[in-house]
Amino acid sequence: MPITVVGSIAYDTVRTPFGQRERMLGGAAVHFALAASFFEEVHVVGPVGEDFGEEQLRVLRERGVDVSDIERVAGGRTFFWEGEYGWDLNSRETIDTQLGVFEGFAPKLSASSRASDVLFLANIQPDLQRDVRRQLPHARFVALDSMNLWIDTARESLVQAIEGVDCVILNDAELRQLTGKPNLVSAAREILSWAQPPLTPAPGSPPPLRGPSVVVAKQGEYGAALVTRESFFALPAYPLETVIDPTGAGDTFAGGLVGYVAAHPHEQLSDALLRRAMAHATVLASFNVEEFGTERMQRLGGEEVAARIEQLHAMTQFSGAPLALRA
Ligand code: AMP
26 MPITVVGSIA YDTVRTPFGQ RERMLGGAAV HFALAASFFE EVHVVGPVGE
76 DFGEEQLRVL RERGVDVSDI ERVAGGRTFF WEGEYGWDLN SRETIDTQLG
126 VFEGFAPKLS ASSRASDVLF LANIQPDLQR DVRRQLPHAR FVALDSMNLW
176 IDTARESLVQ AIEGVDCVIL NDAELRQLTG KPNLVSAARE ILSWAQPPLT
226 PAPGSPPPLR GPSVVVAKQG EYGAALVTRE SFFALPAYPL ETVIDPTGAG
276 DTFAGGLVGY VAAHPHEQLS DALLRRAMAH ATVLASFNVE EFGTERMQRL
326 GGEEVAARIE QLHAMTQFSG APLALRA
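The sequence shown maps to residues 26 to 352 in the working numbering.
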């Protein structure tokens, strides 16, 4: 099923203990699209400024991503983010965020972006996420990411955005901040309770409001956990000896998860499908952090992904041989 993503298309300046890059291609929608393009057709929606280069668009085009809904705003500046990581790559400091063309942006989706069955609302102002959600009322699977900035400044709108999606993908700290619950599982359960009871729509009326049935808690180098009403599942991150730049790992993870679901249009959103999606998400994110920005993803091959999935599978299996424990 084709995927539409709305979110930041950015220039990122990043410093890590292993080096730095100025104004490289980044943005949540870009990282998502590169990962999701391994599974399905992806349409990216978002604005860029006059300073955005053809070369950057080519990175997306080369992976078959549809960039026709990337709007170039005359006289505008592309979204800019600057961040710095210390030795603990799980925590970073945002040095600067310049919304640029995102200020006053009103998403206008083309017919092909509106026709997607799968929608990812990447981290961006929640009013914009809701606006795009309304333009795809019939999407079969909708996922959302957000961040502390929007929990601090636009919580009410973010909660409403979450009530309109199937799957919420957040960092563990963001889940705690959003729900006020210190425990990850209870925080996830709180979000699952925001679902609206399904109504029986009258024939011809728009589909009922749904609500999240899947919550994914990203935990950086410690992996990610999946919580539904019925089940719990967790995977460690793929163990890497060299991590250069974690920027975009979360969006790449989301691209793997949502992309894998989109590639299985005839399967129910079962626990088994979601677990396999988590494995693909984990593996794609592991490649993203091996180099700065999108550098590694630009030359990643499908066979490398498949090989790492096999390794992750082997690493996370154990036999359930029961042992009679001493009382
Ligand atoms: P991640 O590391 O997965 O959280 O994503 C990092 C990406 O998010 C970077 O490429 C940034 O350009 C982008 N980003 C950072 N802050 C924001 C923000 N406030 N709104 C939208 N995108 C952002």
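Think of the CB as a built atom: it goes at the ideal place given N, C-alpha and C, for glycine as much as any other residue.
- Boundaries cannot be given for V92, as no beta strand (DSSP E) includes it and DSSP labels it neither H nor E.
- Looking only at S138, I176, Q323, the smallest Cα-Cα distance to V31 is reached by S138.
- Taking the C-beta atoms as reference points, D142 is found nearer than 8 Å to M26.
- At least one heavy atom of the ligand AMP lies closer than 7 Å to the C-beta of T122.
- In this structure, the beta-carbon distance from D276 to D197 does not fall below 8 Å.
- A straight line joining the alpha-carbon of M322 with that of L282 spans about 16 Å.
- It is roughly 32 Å from the alpha-carbon of R214 to the alpha-carbon of G108.
- Excluding sequence positions up to five before and after Q202, its CB lies within less than 7 Å of the CB of N173, I176, all in the same chain and listed in chain order.
- The beta carbon of Q244 is closer than 6 Å to those of D197 in its chain, skipping five residues each way along the sequence.
- Judged by DSSP secondary structure, G281 falls within the alpha helix (DSSP H) whose first and last residues are 274-287.
- Counting of Cβ neighbours within 10 angstroms places T307 among the buried residues, the total reaching 16 or more.
- In the three-state scheme derived from DSSP, where H, G and I count as helix and E and B as strand, H163 is classed as coil.
- With contacts defined as CB atoms closer than 8 Å, A53 and A147 qualify as a contacting pair.
- For the pair R102 and V126, the CB atoms are nearer than the 8 Å cut-off.
- Pairing T41 with T122, the inter-Cα distance amounts to about 17 Å.
- Here A99 is not near G284, since their CB atoms are 8 Å or more apart.
- Looking at the backbone, the Cα of R159 and that of A131 are separated by about 13 Å.
- Using a cutoff of 7 Å, the CB of D276 counts as near the ligand AMP, since one of the ligand's heavy atoms is closer than that.
- DSSP, reduced to helix, strand and coil, places Y263 outside both helices and strands of the structure shown, so it counts as coil.
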